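Engineer:
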Amino acid sequence: MANPTYKHLEGKTVVGQFSLGQWAQLLAGVVLGLVFGIYLSPLPPTATIFVSCLLPGLPLAAGYGAMGLEFSLAQLARAAWRFWRSPRRWLPGPGAPTVGYLVVPDPDAAERSPARSDPARARRLEGLWDV
2 MANPTYKHLE
12 GKTVVGQFSL
22 GQWAQLLAGV
32 VLGLVFGIYL
42 SPLPPTATIF
52 VSCLLPGLPL
62 AAGYGAMGLE
72 FSLAQLARAA
82 WRFWRSPRRW
92 LPGPGAPTVG
102 YLVVPDPDAA
112 ERSPARSDPA
122 RARRLEGLWD
132 V
């Protein structure tokens, strides 16, 4: 039997229906909308009001919509940023400039040979390769 108090303590902290991250997104959206609407907008007043209300609410709406999914908008943004910042061209080969490739045999292959583990089995297997 699980105690409901401990289940509640392990859950995310929420205020109302939003998590703390979603409240931070809401606050950032409101501040962005006010700054855009008051200082930055080159649009007429009607378009400024529309854009100031709609665009800052999109991150909150996306975060709230993806809340029940196994999807993280923040992880997607970080992965996209790493992808865009990564180099797009690589030299051929393993990294450092080399001339050709070097194949190194596995040192344990000789120890795992049938001749070392079981001589009788090795004699039986030798007949398989005789032509």
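FYI, the numbering for the sequence shown is 2 to 132, going by our numbering.
Idealized CB from N, CA, C, for every residue including glycine.
Because the structure is a prediction, the values reported are computed rather than measured.
#1: For the region 11-54, list the beta strand (DSSP E) runs that are entirely contained and at least 3 residues long, ordered along the chain.
#2: Do residue 58 and residue 74 count as a contact pair if the criterion is CB distance below 7 Å?
#3: Roughly how many angstroms separate the alpha carbons of residue 22 and residue 69, rounded to a whole number?
#4: For the alpha helix (DSSP H) that residue 81 lies in, which residues bound it at each end?
#5: Can residue 38 and residue 20 be called in contact, C-beta distance under 7 Å?
#6: Find out if the Cβ-Cβ distance for the pair residue 60, residue 26 is shorter than 7 Å.
#7: With a threshold of 6 Å on Cβ separation, who are the neighbours of residue 49 within its own chain once the five nearest residues in sequence on each side are excluded?
#8: Hey, is residue 19 close to the ligand MN, as in C-beta under 6 Å from one of its heavy atoms?
#9: Look up residue 71 in the DSSP assignment and say whether it is helix, strand or coil.
#10: Quick check on DSSP: helix, strand or coil for residue 125?
Structural biologist: According to the data block:
#1: Runs found: none.
#2: For residue 74 and residue 58, no; Cβs fall outside 7 Å.
#3: In this structure, the alpha-carbon of residue 22 lies about 15 Å from that of residue 69.
#4: Its alpha helix (DSSP H) spans residues 74-86.
#5: Judged by beta-carbon spacing, residue 20 lies beyond the 7 Å limit of residue 38, meaning their Cβ atoms are not closer than that value.
#6: Contact: yes.
#7: Hits under 6 Å: 38 and 42.
#8: Absence of the ligand MN from the depicted structure is noted, as is the absence of any ligand whatsoever, leaving it without description.
#9: The three-state reading of DSSP puts residue 71 in coil, since its state is none of H, G, I, E or B.
#10: The answer is helix: DSSP assigns residue 125 an H, G or I state.
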